[in-house]
Amino acid sequence: MSKNIPPANDTSIAIFERLESEVRGYIRSFPIVFDRGVGTTLIDAEGREYLDFFAGAGALNYGHNNPAFKKPLLDYIQRDGIIHGLDLATSAKKAFIEAFEKYILKPRGLNYKLQFTGPTGTNAVEAALKLARQVTKRSNVVAFTNGFHGVSAGALAATGNKKYRSAAGYGLAHVTAMPYDGYLGPSVDTLDYFEKLLNDPSSGLDKPAAVILEAIQGEGGIRPASIKWLQRLREITKRHEILLILDDIQAGIGRSGKFFSFEAAEIVPDIVTLSKSISAVGTPMALVLLKPELDIWSPGAHSGTYRGNNLAFVAARVALETYWADDKFEKEIAAKSAILADELKSIANDFPDLGFTVRGRGLMYGLVSENDASLPAKIQAEALKRGLVIETCGGRGEVLKFLVALIIAEADLRRGLSIVRESIGAVQASLATGSAKAAVAAEVDA
Ligand code: PLP
Numbered sequence: 423m424s425k426n427i428p429p430a431n432d433t434s435i436a437i438f439e440r441l442e443s444e445v446r447g448y449i450r451s452f453p454i455v456f457d458r459g460v461g462t463t464l465i466d467a468e469g470r471e472y473l474d475f476f477a478g479a480g481a482l483n484y485g486h487n488n489p490a491f492k493k494p495l496l497d498y499i500q501r502d503g504i505i506h507g508l509d510l511a512t513s514a515k516k517a518f519i520e521a522f523e524k525y526i527l528k529p530r531g532l533n534y535k536l537q538f539t540g541p542t543g544t545n546a547v548e549a550a551l552k553l554a555r556q557v558t559k560r561s562n563v564v565a566f567t568n569g570f571h572g573v574s575a576g577a578l579a580a581t582g583n584k585k586y587r588s589a590a591g592y593g594l595a596h597v598t599a600m601p602y603d604g605y606l607g608p609s610v611d612t613l614d615y616f617e618k619l620l621n622d623p624s625s626g627l628d629k630p631a632a633v634i635l636e637a638i639q640g641e642g643g644i645r646p647a648s649i650k651w652l653q654r655l656r657e658i659t660k661r662h663e664i665l666l667i668l669d670d671i672q673a674g675i676g677r678s679g680k681f682f683s684f685e686a687a688e689i690v691p692d693i694v695t696l697s698k699s700i701s702a703v704g705t706p707m708a709l710v711l712l713k714p715e716l717d718i719w720s721p722g723a724h725s726g727t728y729r730g731n732n733l734a735f736v737a738a739r740v741a742l743e744t745y746w747a748d749d750k751f752e753k754e755i756a757a758k759s760a761i762l763a764d765e766l767k768s769i770a771n772d773f774p775d776l777g778f779t780v781r782g783r784g785l786m787y788g789l790v791s792e793n794d795a796s797l798p799a800k801i802q803a804e805a806l807k808r809g810l811v812i813e814t815c816g817g818r819g820e821v822l823k824f825l826v827a828l829i830i831a832e833a834d835l836r837r838g839l840s841i842v843r844e845s846i847g848a849v850q851a852s853l854a855t856g857s858a859k860a861a862v863a864a865e866v867d868a
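Residue numbers (the numbering used here): 423 to 868.
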């Protein structure tokens, strides 16, 4: 892997700028034509290599083109296995469901039915919200500050971020926002407020059908809720007969250190949404897990042409067999998580003037720049010059987001972290040069 990679030639993305809508997003941070992906390495059209600390926003927990899935996929195509299956029974889907029961549900004592929705996360969230409203015959839903659940109308109403909300073009309704854990500082348990509203007939809060949340908020800025808070939320929702929807689209499939992000809190949600890395290779797939007694759907009521991506089912089944048959993978994630957390804390300590804090769990961490929200994007740009692809998140872009593939080699994890350290050094140096120049200019003016 070469170091100090020059930026890709501007003209290489000219057609995207000319013909692709202004809505395009990630390409603006990474103006490169990517061509191949191998494990945690991205390779551009000119053969330059980049270390990937982004992992498809959590869709590539097992890396790019993981060799464990390639042969089963190629074999499946070779023998004309069904690729598009609506919600027909296929052998690939059957094998996936059997594996999901054997490796995920049974060992955890979980009793869920599986709903295959259209293949995006937001579609699974829509289904979960619809179901909760149908079951309880209530329309209001409680969602949390900084939560992100997708950009289709129902999920968007439960999403906090103004940029996404304002794109709807109409008022988003039937959701009440509550403060997430830590929103009012470390000394306030925000559930005191929620519980008070629920108990007060004059609070103005319409009793919700459900509470929807991420156990570790991703897009909103890598915010893990505490175990105690999650347990108390489960207890409150149970007592008030409100359904608990756990959106595990980003924090699930091992990202938190366990298969599900709620396992650490030993709670059982009523409904769980999964997408992104459930399909293992980055092909679209989404799932809703629902307690059997909630399964009041009438046939086809939440429909969709692409509920049967059988290539996703093939890879998803192989991933469960390869990585989740025992606890070896969880142990590997824990070891890498410790390296990531330690190094980020050390970086924060080594740049005291920049005032970083560190948040996260598992292999989902954020280096937070609360005082200067422009820093993460500057670090990101420096990192890209040095061959590292890394994202930012948080409502103001104040978080540098470490979402490495769970299969990353320890040496690559350390190498990427040293690129981040170097990039922060470069940003700090340019800030110092900038303020020195400003001081000289002020003196000249005076
Ligand atoms: N829920 C969570 C927690 C997410 O992180 C995301 C996407 O980042 C979604 C839902 C929406 O998924 P999709 O972009 O596939 O619609």
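Glycine included, each C-beta is placed from N, C-alpha and C at the ideal position.
>> Please list the terminal residues of the continuous alpha helix (DSSP H) segment that includes residue 659.
In response: From DSSP, the alpha helix (DSSP H) with residue 659 extends over 649-661.
> Exposed or buried, residue 779, counting other C-beta atoms within 10 Å across all chains shown (16 or more means buried)?
Replying inline: With fewer than 16 Cβ atoms within 10 Å of its Cβ, residue 779 is classed as exposed.
> For residue 543, is the classification buried or exposed, using 16 other Cβ atoms within 10 angstroms of its Cβ as the cut-off for buried?
Replying inline: Residue 543 comes out buried.
> Relative to ligand 1, what is the chain-ordered list of residues with a Cβ closer than 6 Å to any of its non-hydrogen atoms?
Replying inline: Residues flagged by the Cβ proximity filter: 479, 542, 543, 544, 547, 570, 571, 572, 636, 640, 641, 669, 671, 672, 697.
> Between the Cα of residue 625 and the Cα atoms of 598, 607, 644, which residue gives the shortest distance?
Replying inline: Closest by alpha carbon: 598.
>> Please state the DSSP three-state secondary structure of residue 423.
In response: Residue placement at residue 423 cannot be trusted, given a pLDDT of 45 that sits under 50; the coordinates are not used to answer.
> By the 10 Å Cβ neighbour count, where 16 or more other Cβ atoms means buried, how is residue 429 classified, buried or exposed?
Replying inline: Confidence in residue 429 is poor, its pLDDT being 48 and thus under 50, which makes the residue's placement too unreliable to answer from.
> Which term fits residue 432, buried or exposed, when burial requires 16 or more other beta carbons within 10 angstroms of its beta carbon?
Replying inline: Note that residue 432 has pLDDT 47, beneath the 50 cutoff, so the model's placement of it is unreliable and no number is given.
>> Measuring straight from C-alpha to C-alpha, what distance separates residue 473 and residue 486?
In response: The C-alpha of residue 486 is placed about 11 Å away from the C-alpha of residue 473.
> Mind checking whether residue 634 and residue 563 have CB atoms under 8 Å apart?
Replying inline: Cβ atoms of residue 634 and residue 563: closer than 8 Å.
> Does the beta-carbon of residue 727 have 16 or more other beta-carbons within 10 angstroms, so that it is buried, or is it exposed?
Replying inline: Exposed.
> Based on the DSSP output, what are the partners of residue 813 in its beta bridges?
Replying inline: Answer is 823.
>> By the three-class DSSP mapping on this structure, what secondary structure does residue 475 have?
In response: In the structure shown, residue 475 sits in coil (DSSP, three-state: anything other than H, G, I, E or B).
> Closest by CA to residue 701, which one among 685, 684, 676?
Replying inline: It is 676.
> residue 595 and residue 580: beta carbons closer than 8 Å?
Replying inline: In this structure, residue 580 does not lie closer than 8 Å to residue 595 by Cβ.
>> Can you tell me where the beta strand (DSSP E) holding residue 728 begins and where it ends?
In response: Where residue 728 is concerned, there is no enclosing beta strand (DSSP E), given that its DSSP letter is neither H nor E.
> For residue 763 versus residue 782, is the C-beta distance shorter than 8 Å?
Replying inline: Cβ atoms of residue 763 and residue 782: closer than 8 Å.
> Start and end of the alpha helix (DSSP H) containing residue 543?
Replying inline: Run containing residue 543: 543-558, per the alpha helix (DSSP H) assignment.
>> Tell me the DSSP secondary structure of residue 674 in three-state form.
In response: Residue state for residue 674 is assigned as coil, using DSSP reduced to three classes.
> Would DSSP call residue 858 helix, strand or coil?
Replying inline: Three-state result, residue 858: helix.
> Nearest-angstrom Cα distance between residue 584 and residue 816?
Replying inline: Taking the straight line joining both Cα atoms gives about 12 Å.
> Relative to the alpha-carbon of residue 711, which residue among 801, 550, 531 has its alpha-carbon at the smallest distance?
Replying inline: Ranking 801, 550, 531 by Cα distance to residue 711 puts 550 first.
> The beta strand (DSSP E) spanning residue 739 covers which residue range?
Replying inline: Counting along the chain, no beta strand (DSSP E) covers residue 739; the unbroken alpha helix (DSSP H) around it starts and ends at 732-745.
>> Output needed for residue 509: all residues of its chain with C-beta closer than 7 Å, excluding positions within five of it in sequence on either side, in chain order.
In response: In the same chain as residue 509, and ignoring 5 residues on each side of it, the C-beta atoms closer than 7 Å to its own belong to 538, 729, 730, in chain order.
>> Whole angstroms are fine: how far does the CA of residue 766 sit from the CA of residue 775?
In response: Looking at the two C-alpha atoms, the distance is approximately 15 Å.
>> Is the separation between the beta-carbon of residue 481 and that of residue 643 shorter than 8 Å?
In response: Going by C-beta atoms, residue 481 is not nearer than 8 Å to residue 643.
> Which of helix, strand or coil does DSSP assign to residue 717?
Replying inline: Under the three-state reduction of DSSP, residue 717 is assigned to coil, being neither helix nor strand.
> From this set, 683, 840, 665, 826, which residue's C-alpha is nearest residue 553's C-alpha?
Replying inline: Measuring from the Cα of residue 553, the nearest candidate turns out to be 665.
> residue 783 by DSSP, collapsed to three states: which one?
Replying inline: The three-state secondary structure of residue 783, taken from DSSP, is strand.
>> Using the Cβ count rule (16 or more neighbours within 10 Å means buried), how would you classify residue 855?
In response: Answer is exposed; the Cβ neighbour count stays below 16.
>> With a threshold of 7 Å on Cβ separation, who are the neighbours of residue 735 within its own chain once the five nearest residues in sequence on each side are excluded?
In response: Correct list, in chain order: 514, 515, 518.
> From what residue to what residue does the beta strand (DSSP E) around residue 458 run?
Replying inline: Counting along the chain, the beta strand (DSSP E) containing residue 458 begins and ends at 456-460.
> If we ignore side chains and look at the alpha-carbon of each, how far apart do residue 440 and residue 682 end up?
Replying inline: If you take the alpha carbons of residue 440 and residue 682, they lie about 42 Å apart.
> What is the DSSP secondary structure of residue 769, counted as helix, strand or coil?
Replying inline: Correct three-state label for residue 769: helix.
> Taking the continuous alpha helix (DSSP H) assigned at residue 497, which residues delimit it?
Replying inline: 489-500 is the span of the alpha helix (DSSP H), which, as asked, contains residue 497.
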